[in-house]
Amino acid sequence: MENKEDQPIWKHSSTGLFTTSSAWEHLRDCNPLDPLHQVIWYAGHIPRQSFTLWLASQTRLQTLDRLRRMGITENMYCLLCNQEEETHTHLFFQCSYTKAVWENISSKGTIRWPNEPWYQLMQRASSHITGKKNIHYHIARTALSTAVYYIWYERNSKTFKGSHRTVHELGAEIIELIRSHLMHGTIKCLVTDTVRATWNIQDDDPTVTGL
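If you read the sequence shown in UniProt numbering, its first letter stands for residue 1, the second for the next number, and so on.
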């Protein structure tokens, strides 16, 4: 029998050869995807908006209730309405200001969002708007991430710059941003005639040139 040199075999790869990627896959913990994954990190998402939505979904934005617990501020009242304590649940969307903005936005979509606490809203989103190629679910996800991002942006603008827009002004800007995303985004091919009519998208619109 011919003598052959022993060859090591790495059993965690299909080729028997060691690779850093196969070692990583073997060593890392494989946890199931968070149900919110498709709500936040969907195909065609806008990174800065999705990141802000992810922070909000984990209640990790630096709202005034958190800052007070850390001893950074004594102020507790929401700067957008000056009526109640600023928490994630209040800011999204129980505040009279943000609630009006959100109702203005969600009325444009075909999926109606109920008025419920933030954590319940996120639970509803994770179980109801996860269809990958459903244009209405895509609009719902985009509306949610855009609204959360720009409400947080507006809150910070008033906090640090003293600037403030009306409900109509902020709502109109968010709606226009969603409309632009539908015209230029990766799901442009899924836009139906009904969606075009709802969001006032015209085939001959000079701004519809793609990205």
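No residue lacks a Cβ here, since even glycine has one placed at the ideal position from N, Cα and C.
- H88 sits buried, since 16 or more C-beta atoms from the chains shown fall within 10 Å of its C-beta.
- CA-CA distance, N75 to Y137, rounds to 38 Å.
- Between the C-alpha atoms of T73 and E86 there is a straight-line separation of about 12 Å.
- In the three-state reduction of the DSSP assignment, Y137 falls in the helix class.
- For the options E154, D6, R48 and P117, the alpha carbon positioned closest to that of T142 is the one of R48.
- The region 103-120 and the region 182-192 do not touch, with fewer than 3 CB-CB distances between them shorter than 8 Å.
- In the structure shown, Y77 adopts extended strand secondary structure according to DSSP, grouped into three states.
- The beta carbon of I40 lies closer than 6 Å to those of S50, L53 and W54 in the same chain, with the five residues before and after it left out.
- Each of A100, E154, I139 and D6 was checked against the Cα of V195, and the nearest Cα belongs to I139.
- Between I135 and T198, the C-beta spacing is not below 8 Å.
- When rounded, the separation of the alpha-carbon atoms in I178 and L67 is 31 Å.
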